[in-house]
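Novice: Could you have a look at this structure, given as structure tokens, before my questions?
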């Protein structure tokens, strides 16, 4: 009986040794995995950081180039190296001419909107023909562009004004009539102001001027009503 117990104990010991050996092998395997060299943290971060820096530099270069090419959008002049900003110029112009310019723009929008509603259109040929009349009225004493420059008006702005005038003539001039008596009376009073010496051309000029005067009078009433019926919101101070 004691011998059996000794053998049983020996078998149990062998099992423990075998189990311990397997645990040691497992631990060694884990240690071998854990001792593999790790990549330094700064090595993995160096490349992304460099790429970010390069991207930032590229963006700054592009933005700088765009600002330089479009510097007139921000700076209108320099005096001894000191810039005059466009915002300063805009404020000065707005303070001085803002109200009258705004009212002119409001008027243009109202007239063009009314023209669209009535189906009134103006062609480029009509605008060119009217400009030709104006140039002929200068009688070669001054070029049109020079005359516009003296008034501080660009040719594009002048063409817009001509378009508005034609629209008004079409909308309000269709019901305006001029009698022969009105023409004769006008010539008698304004003969010295007429540009032509020919009798027939004087009558044409007088009739055109009388019609323009009537349209102007009619326009004041029509435009006042147009403004009253429109919804206008202004966001700058007006007199």
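Residue numbers (full-length UniProt numbering): 1 to 239. All C-beta atoms, glycine included, are put in the ideal place defined by N, C-alpha and C.
Counting pairs of Cβ atoms below 8 Å between the stretch 150-159 and the stretch 172-192, do you hit three or more?
Specialist: No contact exists between the stretch 150-159 and the stretch 172-192.
Novice: Just to confirm before moving on: does the CB-CB distance between residue 227 and residue 110 stay below 8 Å?
Specialist: Yes; because the gap between Cβ atoms is below 8 Å, this pair is in contact.
Novice: Compute the distance between the beta-carbons of residue 186 and residue 210, then report whether it is under 8 Å.
Specialist: In contact: residue 186 and residue 210 (Cβ atoms closer than 8 Å).
Novice: Can you find the residues in the same chain that come closer than 7 Å, C-beta to C-beta, to residue 222, ignoring five residues on each side of it along the sequence?
Specialist: Counting only Cβ-Cβ distances below 7 Å, and skipping sequence neighbours, we find 172.
Novice: For residue 134, I'd like the list of residues in its chain whose CB is within less than 7 Å of its CB, leaving aside the five on either flank, ordered along the chain.
Specialist: Excluding sequence neighbours, residue 134 sits near 144.
Novice: Does the beta-carbon of residue 84 have 16 or more other beta-carbons within 10 angstroms, so that it is buried, or is it exposed?
Specialist: Result: exposed.
Novice: Classify residue 79 as buried or exposed, calling it buried when 16 or more other Cβ atoms lie within 10 Å of its own Cβ.
Specialist: By the 10 Å Cβ count, residue 79 comes out exposed.
Novice: Cα separation between residue 200 and residue 233?
Specialist: Taking the straight line joining both Cα atoms gives about 49 Å.
Novice: Going by beta-carbon coordinates alone, are residue 168 and residue 122 separated by less than 8 Å?
Specialist: Not in contact: residue 168 and residue 122 (Cβ atoms no closer than 8 Å).
Novice: Tell me residue 138's beta-bridge partners as DSSP assigns them.
Specialist: None; residue 138 has no bridge partner.
Novice: Between 155, 170, 229, which has its C-alpha nearest residue 126's C-alpha?
Specialist: It is 170 whose Cα lies nearest to the Cα of residue 126.
Novice: Figure out for me which residue from 91, 82, 76 has the closest Cα to the Cα of residue 236.
Specialist: Comparing Cα-Cα distances from residue 236 to each of 91, 82, 76, the minimum goes to 91.
Novice: Could you say which of 87, 128, 75 lies nearest to residue 163 if we only look at CA atoms?
Specialist: The option with the nearest alpha carbon to residue 163 is 128.
Novice: Do residue 183 and residue 147 have their C-beta atoms within less than 8 Å of each other?
Specialist: Cβ distance not < 8 Å, so residue 183 and residue 147 don't count as in contact.
Novice: In three-state DSSP terms, what is residue 232?
Specialist: It is coil, neither helix nor strand.
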